[in-house]
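Colleague: Before anything else, here's the structure in question.
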């Protein structure tokens, strides 16, 4: 990257620069006078670009111009459009990833579970089979929490939580299956030392049916309650929670290699700096984590469109390439089935922040995956099995994506944002700002400031080491802002008929 006082050129091949702060008419950037005001995060042309020619950013085309663009002009939706259309064809041409020096192994203090998994929290979760029991679950969780507080017991239980959702009944086909898979992933999540599965008794997702999806479970750790089957469902729920607290309180933190940590990679409310600072930082951390033998999961398939070939080149083998092609084309097929434009992206907030086309957004988004090989491709609701970089089928919608990542088994979500969002998953959700202004204005949302890369000229290696230190602290119990605020939400992907 080449940085001027108020702008940055990401690649030597680029014909645009990105404003780090507002550039006023007449300001000189890379020896070029701005012809108009360029908002922070937006692009300024560095050369004459003729109609039909490509705008290059990140060293790759991000669209073609619709009219002549003079050097110093603002490049955005008024003169740039996507090059993407239809279904693409792909050829297998995997390239070798660069060998990297593996840094010394580090450890964290976490919880070893009897099934071989490790957790970074020791919580009690109430998982509802159906939305009809949401309020009962909330009352049980609140009463159990107040009971614990009043008696000052079980200090090593990190909390009792439930996660409301409207599903589990009147769903058909894939929607019903999606609900069961996501909830099963939650039940199995190692951050929960104990789980109460709470049902009604007449829903499609009956506990008896759900147990078949769940498979083997430890009856000391996972217990079930149909609320229609008992006289006082709250009292019975509290009794079961007490048993789970007693069981989970026996777990103590012990030293575990960081290679056992699983990270989810997510962005939301992106701006023109997201791909330059926050996503690049997360990609650098992903490379460090996978070098240790750790695991990172990248989702948001529609935000791979336009950059998918770069991911395919990193496929570990032909089978992973074929799975990646299927991942991309199946999601494009989802758009087509619903009669929607495949490339109707970025969002209004993205555009206001300086992102113009889907190629530009995708090239920035996929920075989060670093440069390591792609080792596996997961279906929606599937749990991670292989270390390294994994791609996970699912939409870009923030709350659906963080739920998907959590159910896949991630311990921590690294969530980059340029505009800010309070959203949190049931697991610690580290908010990483792309710009320093956001970190200063929303300290109760933001956990780590990647904007220091450009506002204070920190090096990528410095911030990567700092972020690694921070996530180890989180793994050992330091609360993220979503945990402090109690922002723990879930939402499940829906693609069919509701009765």
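Residue numbers (the numbering used here): 283 to 781. Note that CB positions come from ideal geometry on N, CA and C, so glycine has one too. Keep in mind the model is a prediction, meaning the values are calculated, not measured.
Excluding the 5 residues flanking residue 426 on each side, which residues of the same chain have their C-beta closer than 7 Å to its C-beta?
Modeller: The residue given as residue 426 occupies position 144 in the chain shown. Cβ within range, chain order: 442, 520 and 523.
Colleague: With respect to the beta strand (DSSP E) encompassing residue 560, which residues constitute its N-terminal and C-terminal limits?
Modeller: Your numbering for residue 560 matches position 278 in the chain shown. No beta strand (DSSP E) holds residue 560; the alpha helix (DSSP H) holding it covers 560–573.
Colleague: With which residues is residue 339 paired in a DSSP beta bridge?
Modeller: For this step, residue 339 is matched to residue 57 along the chain shown. Answer is 342.
Colleague: Are residue 546 and residue 692 touching if we call contact CB-CB under 8 Å?
Modeller: Residue mapping note: residue 546 aligns to position 264 of the chain shown, counting from 1. Residue mapping note: residue 692 aligns to position 410 of the chain shown, counting from 1. At the C-beta level, residue 546 and residue 692 come within 8 Å of one another.
Colleague: Whose C-beta lies closer than 7 Å to the C-beta of residue 611 among residues of the same chain, with five residues either side of it excluded?
Modeller: For the purposes of this step, residue 611 is identified with residue 329 of the chain shown, where counting begins at 1. So the list reads 369, once near-sequence residues are dropped.
Colleague: Are the stretch 635–648 and the stretch 577–592 in contact at 8 Å, needing three or more beta carbon pairs?
Modeller: With the cut-off at 8 Å, the stretch 635–648 and the stretch 577–592 touch.
Colleague: Kindly indicate which residue of 341, 349 and 342 has the alpha-carbon position closest to the one of residue 332.
Modeller: Translated into the one-based positions of the chain shown, residue 332 becomes position 50. Taking only the C-alpha atoms, the option nearest residue 332 is 349.
Colleague: Can you tell me which of 533, 320 and 725 puts its alpha carbon nearest to the alpha carbon of residue 401?
Modeller: For this step, residue 401 is matched to residue 119 along the chain shown. Closest by alpha carbon: 533.
Colleague: How do the stretch 701–709 and the stretch 600–619 stand: do at least 3 beta-carbon pairs fall below 8 Å, yes or no?
Modeller: Two segments are said to touch when three or more pairs of C-beta atoms, one from each, lie closer than 8 Å; by this definition the stretch 701–709 does not touch the stretch 600–619.
Colleague: Return yes when the Cβ of residue 544 is within less than 8 Å of the Cβ of residue 509, no when it is not.
Modeller: Mapped onto the chain shown, residue 509 falls at position 227. Mapped onto the chain shown, residue 544 falls at position 262. No; because the gap between Cβ atoms is not below 8 Å, this pair is not in contact.
Colleague: Going by C-alpha to C-alpha distance, which of 654, 373, 531 and 472 sits closest to residue 439?
Modeller: Working through the chain shown from its first residue, we reach residue 439 at position 157. Checked all of 654, 373, 531 and 472; the closest Cα to residue 439 is 531.
Colleague: Taking the alpha carbon of residue 789 as the point to measure from, which residue in 570, 393 and 561 has its own alpha carbon closest?
Modeller: Given a span of 283 to 781 for the chain in the structure shown, any question on residue 789 remains unanswerable.
Colleague: Just checking my contact of residue 596 with residue 656 at CB under 8 Å: how many whole Å lie between their CB atoms?
Modeller: Sequence index remark: in the chain shown, residue 596 carries index 314 (1-based). Sequence index remark: in the chain shown, residue 656 carries index 374 (1-based). Sure, about 5 Å apart at Cβ, within 8 Å.
Colleague: Look at the Cβ atom of residue 677, then the Cβ atom of residue 627, and state whether they are nearer than 8 Å.
Modeller: Translated into positions along the chain shown, residue 677 becomes position 395. Translated into positions along the chain shown, residue 627 becomes position 345. No, the pair does not count as a contact, with Cβ atoms beyond the cut-off.
Colleague: Count the other CB atoms within 10 Å of the CB of residue 264; is the residue buried (16 or more) or exposed (fewer)?
Modeller: Outside the shown range of the chain (283 to 781) lies residue 264, about which nothing can therefore be said.
Colleague: Three or more beta-carbon pairs under 8 Å between the stretch 617–625 and the stretch 546–558, yes or no?
Modeller: no
Colleague: If we count the other Cβ atoms within 10 Å of its Cβ and call it buried at 16 or more, is residue 763 buried or exposed?
Modeller: Residue 763 sits at position 481 when you count from the first residue of the chain shown. With 16 or more other Cβ atoms within 10 Å, it is buried.
Colleague: With distances taken from CA atoms, which of 726, 660 and 469 is nearest residue 602?
Modeller: The residue you call residue 602 lines up with position 320 of the chain shown. Nearest C-alpha to residue 602: 660.
Colleague: What separation, rounded to the nearest whole angstrom, lies between the Cα atoms of residue 434 and residue 428?
Modeller: Against the chain shown, residue 434 aligns to sequence position 152. Against the chain shown, residue 428 aligns to sequence position 146. Low local confidence applies: a pLDDT of 47 at residue 434 is under 50, so the model's placement there is unreliable, and no value is given.
Colleague: Select from 305, 341, 310 and 334 the residue whose C-alpha is nearest the C-alpha of residue 324.
Modeller: Along the chain shown, one-based indexing puts residue 324 at 42. Measuring from the Cα of residue 324, the nearest candidate turns out to be 305.
Colleague: For the beta strand (DSSP E) holding residue 392, just list the boundary residues, first then last.
Modeller: In the chain shown, counting from the first residue as 1, residue 392 sits at position 110. Looking at the DSSP string, the run of the beta strand (DSSP E) that includes residue 392 is 389–394.
Colleague: By the 10 Å Cβ neighbour count, where 16 or more other Cβ atoms means buried, how is residue 386 classified, buried or exposed?
Modeller: Start at 1 with the first residue of the chain shown, and residue 386 comes out as number 104. Label assigned to residue 386: exposed.
Colleague: Which whole-angstrom value describes the C-beta separation of residue 665 and residue 453, a residue pair presumed to lie in contact below a C-beta threshold of 8 Å?
Modeller: The count along the chain shown starts at 1 and reaches residue 665 at position 383. The count along the chain shown starts at 1 and reaches residue 453 at position 171. Actually they do not touch by this definition, with Cβ atoms about 21 Å apart.
Colleague: Residue 682 to residue 772, Cα distance in whole Å?
Modeller: To locate residue 682, count along the chain shown from 1; it is residue 400. To locate residue 772, count along the chain shown from 1; it is residue 490. Going from the Cα of residue 682 to the Cα of residue 772 covers about 7 Å.
Colleague: Within 10 Å of its beta-carbon, does residue 463 have 16 or more other beta-carbons around it, so buried, or fewer, so exposed?
Modeller: As a first step, residue 463 must be located in the chain shown, where it is residue number 181. By the 10 Å Cβ count, residue 463 comes out buried.
Colleague: Taking the C-alpha atoms as reference points, what is the distance between residue 460 and residue 314?
Modeller: Reading the chain shown from its first residue, position 178 is the one you call residue 460. Reading the chain shown from its first residue, position 32 is the one you call residue 314. Rounded to whole angstroms, residue 460 to residue 314 spans 53 Å at the Cα level.
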